[in-house]
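Protein chains: 2
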Amino acid sequence: MRITVLRLGHRPERDKRITTHVGLVARAFGADEILIEGRDESVVESLRDVVNRWGGSFSVTDGIAWRDELRRFRDSGGKIVHLTMYGRRIDEVIGEIRSCERIMVVVGAEKVPPDVYDIADWNVAVGNQPHSEVAALAVFLDRLFMGEELEKDFGGRLKVIPAARGKVVLDRGL
Amino acid sequence: MRITVLRLGHRPERDKRITTHVGLVARAFGADEILIEGRDESVVESLRDVVNRWGGSFSVTDGIAWRDELRRFRDSGGKIVHLTMYGRRIDEVIGEIRSCERIMVVVGAEKVPPDVYDIADWNVAVGNQPHSEVAALAVFLDRLFMGEELEKDFGGRLKVIPAARGKVVLDRGL
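Spelled out as structure tokens, the structure:
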């Protein structure tokens with residue numbers, strides 16, 4: 001399955017770190033790319049820097065016109081999943097979503113425009129309590145891949161060897 | 001099981017939103033309290049505000065002396081789990097951790113002092129790639145409770161009724 005994450009409502013003055021975490025989670029939990037509403041060179045750079053050091057082919061694009069992206073994605077046969085605390089329970093829909101070939105996972109900041117709820121094929125809640133788009137994306141992808149995403153080898157220059165104490169990092173050179 | 005989350009390395013000038021997300025995730029995914037290193041009235045207030053509106057008995061304390069808290073917790077028989085990308089694979093240890101009565105889950109910001117790795121009963125990795133302490137905490141608690149935490153009724157004034165489209169919120173008054 002090919003997965004695009006669409007990050008809505010990024011405001012550079014306050015969302016830098018949250019959007020960076022959304023991007024890092026997208027990559028680490030098996031998505032293929034992130035599209036970011038708004039321009040933020042520092043977020044893009046820090047995400048690309050992680051890809052360069054830690055591997056994988058994750059791509060990062062900012063400054064996108066999100067309504068166009070959603071429409072184009074839908075019209076080309078992709079399915080749209082909007083993560084929201086108001087949506088249906090994840091357990092009820094994850095099986096259906098798992099059978100798709102391409103999905104776009106939309107994660108908003110505080111206010112998401114109503115048309116996102118309408119264009120989405122599924123509005124999905126990871127719990128119906130207020131928490132975090134970073135957490136929602138992580139748990140959604142973890143359930144989607146049934147935990148297998150955590151075993152993926154990214155083939156990067158740097159690789160952690162799991163350890164009971166301290167830090168063991170393999171540097172495979174360039 | 002009683003769960004305390006300990007948030008290390010909070011810097012009010014840059015971590016406000018990430019620490020708020022850590023706290024919201026702790027509550028929404030079934031932890032009982034959060035202790036925050038450093039003082040930050042705005043983070044504490046926004047977390048307590050969510051508890052007041054959305055329910056549960058989650059408690060929030062900032063300005064704690066974290067080494068004292070860790071030592072006291074350990075000496076009173078509690079077990080310490082440190083979430084780090086360098087730790088052991090979550091699947092290998094979650095069963096053992098699930099049998100504890102009380103755990104303290106430590107989540108750091110960028111740099112975590114080496115003694116945290118030493119005092120922890122388990123250093124646990126939610127994947128060995130760089131991502132987010134918000135995501136790590138969410139997936140850790142989701143695995144710990146095997147998804148049941150998402151079904152918890154918090155008994156708050158506000159309650160979401162899961163919906164395929166739009167927002168349905170029950171306001172149960174005071």
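Protein sequence lines correspond, in order, to chains A and B.
Per full-length UniProt numbering, residue 1 is the first one in the first sequence, and the count goes up by one each step.
Per full-length UniProt numbering, residue 1 is the first one in the second sequence, and the count goes up by one each step.
From the three backbone atoms N, C-alpha and C, an ideal C-beta is built for every residue, glycine too.
> So, B:His10 versus B:Asp49, is the Cβ gap smaller than 8 angstroms?
Replying inline: The sequence position of residue 10 of chain B within the second sequence is 10, counting from 1. The sequence position of residue 49 of chain B within the second sequence is 49, counting from 1. In this structure, B:Asp49 does not lie closer than 8 angstroms to B:His10 by Cβ.
> Beta-carbon separation of A:Val51 and A:Arg89 under 8 angstroms?
Replying inline: Residue numbering aside, residue 51 of chain A sits at position 51 when the first sequence is read from its first letter. Residue numbering aside, residue 89 of chain A sits at position 89 when the first sequence is read from its first letter. It is not a contact, given that the beta carbons lie outside the stated cut-off.
> Does the beta carbon of B:Phe58 come closer than 8 angstroms to any beta carbon on chain A?
Replying inline: On the second sequence, residue 58 of chain B is found 58 positions in, with the first residue counted as 1. Not an interface residue.
> For A:Asp32, which of A:Val25, A:Ser57, A:Leu24 and A:Tyr86 has the nearest alpha-carbon?
Replying inline: Along the first sequence, read from residue 1 onward, the residue named residue 32 of chain A stands at position 32. For A:Asp32, the nearest C-alpha among the options comes from A:Ser57.
>> Could you give the first and the last residue of the continuous alpha helix (DSSP H) run that contains A:Arg27?
In response: Here residue 27 of chain A is taken as the residue at index 27 of the first sequence, counted from 1. Taken as a continuous stretch (DSSP letters only), the alpha helix (DSSP H) holding A:Arg27 covers Pro12 to Ala28.
> Hey, does B:Ile18 have any beta-carbon neighbour from chain A nearer than 8 angstroms?
Replying inline: Counted from its first residue, the second sequence places residue 18 of chain B at position 18. It does: the Cβ of B:Ile18 has a partner Cβ on chain A nearer than 8 angstroms.
> Which residues mark the beginning and the end of the beta strand (DSSP E) in which A:Ile36 is found?
Replying inline: As a first step, residue 36 of chain A is located in the first sequence; it is residue number 36 there, counting from the start. DSSP places A:Ile36 in the uninterrupted beta strand (DSSP E) bounded by Glu33 to Ile36.
> Counting only beta-carbon atoms, is A:Trp54 nearer than 8 angstroms to chain B?
Replying inline: Position 54 of the first sequence, counted from the first residue, corresponds to residue 54 of chain A. Closer than 8 angstroms: yes.
> Name the chain B residues that come within less than 8 angstroms of A:Phe140, Cβ to Cβ?
Replying inline: Numbered from its first residue, the first sequence carries residue 140 of chain A at position 140. Under the 8 angstroms cutoff, chain B gives no residues; its nearest Cβ is about 10 angstroms from A:Phe140.
> Taking Cβ positions only, does B:His21 come closer than 8 angstroms to chain A?
Replying inline: As a position in the second sequence, residue 21 of chain B is number 21, starting the count at 1. Yes, its Cβ sits closer than 8 angstroms to a Cβ of chain A.
>> I want to verify the contact list: residues of chain B whose CB lies under 8 angstroms from the CB of residue 180 of chain A, in sequence order.
In response: Since the displayed chain A opens at 1 and closes at 174, residue 180 of chain A lies outside it and no answer follows.
> At which residues does the beta strand (DSSP E) containing residue 177 of chain B begin and terminate?
Replying inline: Residue 177 of chain B is absent from the structure shown; chain B starts at 1 and stops at 174.
>> Bridge partners for A:Lys159 per DSSP, in chain order?
In response: Counting from 1 along the first sequence, the entry for residue 159 of chain A is found at position 159. Looking at the DSSP assignment, A:Lys159 forms a beta bridge with A:Leu170.
>> At a CB distance below 9 angstroms, what residues from the stretch 110-132 of chain A approach chain B? Give them in sequence order.
In response: Result list: Pro114, Tyr117, Asp118, Ala120, Trp122, Asn123, Ala125, Val126, Gly127, Asn128, Gln129, Pro130, His131 and Ser132.
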